[in-house]
Each structure stands twice: as structure tokens, then as C-alpha cells.
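Here's the structure, in C-alpha cells; my notes come after.
Numbering (our numbering), first residue to last: 63 to 450.
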């Protein structure tokens, strides 16, 4: 038996944040990141809408990029003191991911982080609060997923928490928020969305429910990512929807080793998550095609790429990814990114071991061992072809 889970309601379109006026409740916490939502007036707008709904609000601000275990536990303590019946997270993936984890410890204060860091170990939620997410970036799709990525800075490990219990109850996908993204963030989040959709399409748990969402998301990314990067608001709007559909797909089909690699090097080398995915994706496709050549070829054919054979179609897909990276100034190797060779060499055993243990590795279409993982990392460092 398989499962397909989404938020109960997804509101979308420009100005859809006004739906906040219609939610029913008494108290809400609003979890925010570094300040851009306040700068662009979206915090005040949200507070006005919630006031109109008769809801008392407490802010939890300053969630850092790559939110920490400590930030999560502090936020949960604030929630326990305030006792909200709604948890609302607004901003990029970081405040939404952090708020999801806070939610767990708000409802289950006796748990420790070790109790929930393994996949599908989070107990039932919603006895105290429902969850609403409003994304401002077009990449993580955490507003519709069963995932939350939290970093333990003491061990330099990013943990992808995974459980359908943390799937939000409601998502508001308002593209007005995404119009504020700077080009670099647009590039990284856009490539994150593309990686989500491609990995979902080839993942071991892909299904007739997830495949159409993944393919449509890839099709939209191909058409709109460059426009979005150039600041076109139609492109921004369509990318906001594309990343959401990619999230629906991967939340149910799961992901693969591209994300495993990005999680583990993101914590050690501090590479932005979407950027890491963009670097690794061509190398991962080269590795996985021995098991999933036809699936990757189907993607290429669906989006109109050139090729008379499956090999040629997959080469065209890799070339498309390379061209996106070049256009948007994303490095194509870890060396080009600026990772010191000595640090890379001294870390490779650790990051390969951790990537193998990552929750995303289990759904990768081709089985992989530590030595093979190290080889892919070395190829991604030097820019050499994956031919094993």
C-alpha cells in the first residue's frame, strides 16, 4: 500500500494572502526569518489580516538560514507559553522548516531531537494547533511537503526530518512574495525546484499520482526559470506554482542522492542548498542513468529536448541543466565554487558516509556504496565525467 498526502487546502494567486482573514482561531504564532518579509510590508499585511480574523498574534522572528536545533527548541518554548491554535510560518524554506519542527516540540515537549531525527518517527500532531505556510521563495516547496531540514551545528549534520504528520494543513502560495527575491536566490531556489521534480520522477516511490506533477513542474521550470531570473513577474508567478507542484511530487515519491549530497556538504562547506543541488545534479544523473535511463529520457522527450536515442535525450537533459547553471552564474564544480582542496580531501570520507546514511538515499533509483559516493563527490569537485 502506498500513500499520497497533501495539505487540505492550497490557496494561490496574487493577493491570496488575504485568505488569512478567513481562518478560525484565537491565537497564532507567526514564525519569520531574517527580516525581508517585514522590509517588504508582508508582515504588517499578515498582521492586519489576522487582526481582521480576530486572532491574537505573537511573533517568532530571526530564524537563521539552515535553522538550528537550538532555534527550534527556543521557538517551541515560546509556543508552549503562548498556547497558539495556529502556527503560521512565512518566508523562505528556513522559517517554515523551523516552524514545523517547533510544532512537534510544542505538542510533545518531552521529546528530544534524537527522538525524531530518523524518518517517520514524529508522533501525531494537531491536538493543540494547525499549521499554515506562506512561502516567499520558489524552491523548497516546504509549504506542501512532509519534510523539514534542521541543522545540528555541533556535529555539522543537516537532518531532513521526514513524516507526513508535519505536512501543513494549509498553504498560501502568493506570488507577490516571490517577486521580492534577488537574482541569486531566484537561481538557487529555481534549481532546487528542478532537482525536486527530476529526482521525484526517477525515485523508487514514484507513482501515477506523482509523475504528472513532476513532469509538469519540469516543463514549467524549463519555460519560466530564465524569465524569473531576469525579473519577469509572470515568470516569478509561474515558477512559484512550478516549485509547489514539484514539492507535491517529491513529498510523496521522495528524492535521491543529489539531495543527500547537498544536505551533507551544505552543513560542512556551507553551500546554499539549491546551489549544491544545481552543482551535483548532472553528475547524479550520469550515475543513475545506468538504472533509470528510460525515465530520464522520458523527461527530456516530454520537454522537447533533442535526441534520437535515450542516451542522446539524457545528454540533452544534462546539457540543459548545465546551460541553466551557466546563465545564472552557478558554479559547475565544487572547485569552481571555492571549496579548498585540502579541506575537501580531509572531509570526503565523512561527507560520503553521512550522505549514504541520509534519509534521501534510500529512494535513489540506483543503489550506491560509500566508495561510489566518494567517486561522485570527486567528479563534482574536479568536473570529471561519472563513468562507473
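Beta carbons are placed, not taken as given, at the ideal position from N, Cα and C, and that holds for glycine.
Apart from the five residues on each side of it in sequence, which residues of its chain come closer than 7 Å, Cβ to Cβ, to residue 331? Indexing the chain shown from 1 puts residue 331 at position 269. Same-chain partners within the cutoff: 401.
Can the beta-carbon of residue 137 be found closer than 9 Å to that of residue 105?
One-based indexing of the chain shown puts residue 137 at position 75. One-based indexing of the chain shown puts residue 105 at position 43. Against a cut-off of 9 Å, the Cβ pair of residue 105 and residue 137 comes out as no contact.
Buried versus exposed, by CB contacts within 10 Å (16 or more), residue 206 = The sequence position of residue 206 within the chain shown is 144, counting from 1. Residue 206 is buried by the Cβ-count criterion.
Going by DSSP, which residues form a beta bridge with residue 153?
Mapped onto the chain shown, residue 153 falls at position 91. DSSP, once it has assigned bridges, lists 197 as partnering residue 153.
Alpha carbon to alpha carbon, how far is residue 405 from residue 389? Start at 1 with the first residue of the chain shown, and residue 405 comes out as number 343. Start at 1 with the first residue of the chain shown, and residue 389 comes out as number 327. Cα-Cα distance, rounded: 28 Å.
Checklist line | Residue of 80, 320 and 158 minimising C-alpha distance to residue 417 | finding: Translated into the one-based positions of the chain shown, residue 417 becomes position 355. Checked all of 80, 320 and 158; the closest Cα to residue 417 is 320.
(message) Between the segment 66 to 80 and the segment 121 to 130, can you find at least three pairs of beta-carbon atoms closer than 8 Å?
(response) no
**Asked** Do you know how far the Cα of residue 294 is from the Cα of residue 358?
**Response** Here residue 358 corresponds to residue number 296 of the chain shown, with the count starting at 1. Here residue 294 corresponds to residue number 232 of the chain shown, with the count starting at 1. Going by the C-alpha atoms only, they are around 29 Å apart.
Buried versus exposed, by CB contacts within 10 Å (16 or more), residue 180 = Walking along the chain shown from the start, residue 180 turns up at place 118. Exposed.
Given a cut-off of 9 Å, decide if residue 161 and residue 125 are closer than it, judged by their beta-carbon atoms.
Here the question's residue 125 lines up with position 63 in the chain shown. Here the question's residue 161 lines up with position 99 in the chain shown. In contact: residue 125 and residue 161 (Cβ atoms closer than 9 Å).
Which residues in the same chain have their Cβ closer than 6 Å to the Cβ of residue 348, if we skip the five residues on either side of it in sequence? Reading the chain shown from its first residue, position 286 is the one you call residue 348. Answer for residue 348: 448, listed in chain order.
**Request:** Quick one: which unbroken alpha helix (DSSP H) runs of 4-plus residues sit fully inside the segment 349 to 392? Chain order, please.
**Result:** 372 to 389
- Message: Just to check my reading of the structure: residue 98 and residue 202 have Cβ atoms closer than 8 Å, yes? What is that Cβ distance to the nearest angstrom?
- Response: Against the chain shown, residue 98 aligns to sequence position 36. Against the chain shown, residue 202 aligns to sequence position 140. Not a contact, Cβ separation roughly 15 Å.
What does the Cβ neighbour count give for residue 431, buried or exposed, with the cut at 16 atoms within 10 Å?
Position 369 of the chain shown, counted from the first residue, corresponds to residue 431. Exposed, by the Cβ-count rule.
Practice prompt. Leaving out five residues on either side along the sequence, give the residues of the same chain with a beta carbon under 7 Å from the beta carbon of residue 322.
Written response: Stepping through the chain shown from its first residue, residue 322 is reached at position 260. Here the set comprises 417, 420, 422 and 423.
When the Cα atoms are used, what is the spatial distance from residue 167 to residue 366? The residue you call residue 167 lines up with position 105 of the chain shown. The residue you call residue 366 lines up with position 304 of the chain shown. If you take the alpha carbons of residue 167 and residue 366, they lie about 47 Å apart.
- Query: Are the beta-carbon atoms of residue 309 and residue 258 separated by less than 9 Å?
  - Reply: Taking the chain shown and counting its residues from 1, the one referred to as residue 309 is at position 247. Taking the chain shown and counting its residues from 1, the one referred to as residue 258 is at position 196. Against a cut-off of 9 Å, the Cβ pair of residue 258 and residue 309 comes out as a contact.
By the 10 Å Cβ neighbour count, where 16 or more other Cβ atoms means buried, how is residue 16 classified, buried or exposed? Not covered by the structure: residue 16. The range shown for the chain is 63 to 450.
- Short check: CB of residue 152 to CB of residue 117, under 9 Å? The residue labelled residue 152 in the question sits at position 90 within the chain shown. The residue labelled residue 117 in the question sits at position 55 within the chain shown. Cβ atoms of residue 152 and residue 117: not closer than 9 Å.
### Message
residue 144 and residue 120 - do their beta-carbons sit closer together than 9 Å?
### Response
For the purposes of this step, residue 120 is identified with residue 58 of the chain shown, where counting begins at 1. For the purposes of this step, residue 144 is identified with residue 82 of the chain shown, where counting begins at 1. Taking 9 Å as the Cβ cut-off, residue 120 and residue 144 qualify as a contacting pair.
- On a CA-only basis, which of 222, 198 and 217 is nearest residue 209? Give me that one, please. Taking the first residue of the chain shown as 1, we reach residue 209 at position 147. Taking only the C-alpha atoms, the option nearest residue 209 is 222.
Practice problem: Would you kindly report the start and end of the unbroken alpha helix (DSSP H) that includes residue 121? | Solution: As a working mapping, residue 121 is identified with position 59 in the chain shown. Where residue 121 is concerned, there is no enclosing alpha helix (DSSP H), although the beta strand (DSSP E) it sits in stretches over 118 to 122.
Exercise for review: Can you have a look at residue 398 and say buried or exposed, based on whether 16 or more other CB atoms are within 10 angstroms of its CB?
Suggested key: Counted from its first residue, the chain shown places residue 398 at position 336. Residue 398 comes out exposed.
Locate the alpha helix (DSSP H) running through residue 435, then write down its first and last residues. The sequence position of residue 435 within the chain shown is 373, counting from 1. That run of the alpha helix (DSSP H) goes 432 to 444.
How long is the line joining the alpha carbons of residue 230 and residue 177, rounded to whole angstroms?
Here residue 230 refers to the residue found at position 168 when the chain shown is read from its first residue. Here residue 177 refers to the residue found at position 115 when the chain shown is read from its first residue. Rounded to the nearest angstrom, the two C-alpha atoms are 21 Å apart.
Neighbourhood of residue 353 by C-beta distance below 7 Å, restricted to the same chain and skipping five residues each side: Indexing the chain shown from 1 puts residue 353 at position 291. Excluding sequence neighbours, residue 353 sits near 427 and 428.
Close Cβ partners of residue 336 (< 7 Å) along its chain, the five nearest in sequence each way excluded | On the chain shown, residue 336 is found 274 positions in, with the first residue counted as 1. So the qualifying residues of the chain are 201, 250, 251, 253 and 254.
Closest Cα partner of residue 391 within the set 292, 260 and 190:
As a position in the chain shown, residue 391 is number 329, starting the count at 1. Checked all of 292, 260 and 190; the closest Cα to residue 391 is 292.
* Mind checking residue 84: buried by the 16 CB within 10 Å criterion, or exposed? -> On the chain shown, position 22 is the one that residue 84 refers to. With fewer than 16 other Cβ atoms within 10 Å, it is exposed.
Margin query: One question on the structure: do residue 298 and residue 237 come within less than 9 Å of each other, judged by their Cβ atoms?
Written below: One-based indexing of the chain shown puts residue 298 at position 236. One-based indexing of the chain shown puts residue 237 at position 175. Yes; because the gap between Cβ atoms is below 9 Å, this pair is in contact.
Would you call the CB atoms of residue 234 and residue 74 closer than 9 Å? For the purposes of this step, residue 234 is taken as residue 172 along the chain shown, with counting starting at 1. For the purposes of this step, residue 74 is taken as residue 12 along the chain shown, with counting starting at 1. Yes, the pair counts as a contact, with Cβ atoms nearer than the cut-off.
Exercise. If you follow the alpha helix (DSSP H) that residue 412 is part of, which residue opens it and which one closes it?
Worked result: Position 350 of the chain shown, counted from the first residue, corresponds to residue 412. Looking at the DSSP string, the run of the alpha helix (DSSP H) that includes residue 412 is 403 to 419.
Checklist entry - Quick one: what does DSSP say residue 222 is sitting in, helix, strand or coil? => result In the chain shown, residue 222 corresponds to position 160, counting from 1. If DSSP states are grouped into helix, strand and coil, residue 222 belongs with the strands.
task = Evaluate residue 412 with the Cβ neighbour count: other Cβ atoms within 10 Å of its Cβ, from every protein chain shown; 16 or more gives buried, anything less gives exposed.
result = If you number the chain shown from 1, residue 412 lands on position 350. By the neighbour-count rule (16 or more Cβ atoms within 10 Å), residue 412 is not buried but exposed.
May I ask which residues mark the beginning and end of the beta strand (DSSP E) holding residue 280?
Position 218 of the chain shown, counting from 1, holds the residue named residue 280. Not the beta strand (DSSP E): residue 280 falls in the alpha helix (DSSP H), residues 273 to 291.
Tell me the residue span of the alpha helix (DSSP H) that contains residue 210.
Residue mapping note: residue 210 aligns to position 148 of the chain shown, counting from 1. It is not in any alpha helix (DSSP H) - residue 210 instead sits in the beta strand (DSSP E) that spans 209 to 214.
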